[in-house]
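*Asks:*
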Amino acid sequence: MGNKNKTISFRVNEDAFEALQAIAEERDISLSAVFRDYVDQLVEHDGQVEVVPETELEARTGGDGDGDDISFPPTVEVPKRFIREHERLELEAEHLREQLEEYKGYVNDLQDRLEDEEDEVLLLDELDELDDEDEPYQLR
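Each residue of the sequence shown is one higher than the one before, starting from -8 at the first, in this note's numbering.
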């Protein structure tokens, strides 16, 4: 399955639009890229993203740079057993994809054989109409 891009459209008021344009210009990217970055962050963190000005973020963390209260970007510690299980499932999924491709090839081969033999089908009614000069057929 391909990864197709989808288009999302919505309306914002003029002030919000100008603020978004300013953000895009500041970062030297397109306005669309601002939204893509936001959506990527939103999806990556399962909807747990809060957009705050940098000054407010500094105020929340105490401004001293140690960031004990809030870390940005957020980090999560994952147990090794979870990582191992994830890797095992990835390998199993890859194996199943390979098997599926094999089976698809086998089905395609059978369909090709069936199409080739389709011309060789002879109806029993047609056997009665055969002349002595025609080649005899054997039923299997």
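Even glycine gets a Cβ: it sits at the ideal position worked out from N, Cα and C.
The alpha helix (DSSP H) with K95 in it runs from where to where?
*Replies:* Within the sequence shown, numbered from 1, the residue matching residue 95 stands at position 104. Segment 71 to 108, the alpha helix (DSSP H) holding K95.
*Asks:* Which residue comes first and which comes last in the alpha helix (DSSP H) that contains R27?
*Replies:* Taking the first residue of the sequence shown as 1, we reach residue 27 at position 36. Per DSSP, R27 belongs to the alpha helix (DSSP H) from 22 to 35.
*Asks:* Can you tell me where the alpha helix (DSSP H) holding I14 begins and where it ends?
*Replies:* Against the sequence shown, residue 14 aligns to sequence position 23. Looking at the DSSP string, the run of the alpha helix (DSSP H) that includes I14 is 5 to 18.
*Asks:* For G58, which of helix, strand or coil comes out of DSSP?
*Replies:* By 1-based counting over the sequence shown, the position of residue 58 is 67. Reliability of the predicted coordinates at G58 is poor, the pLDDT of 47 falling under 50, and the value obtained from them is presented with this limitation in mind. It is coil, neither helix nor strand.
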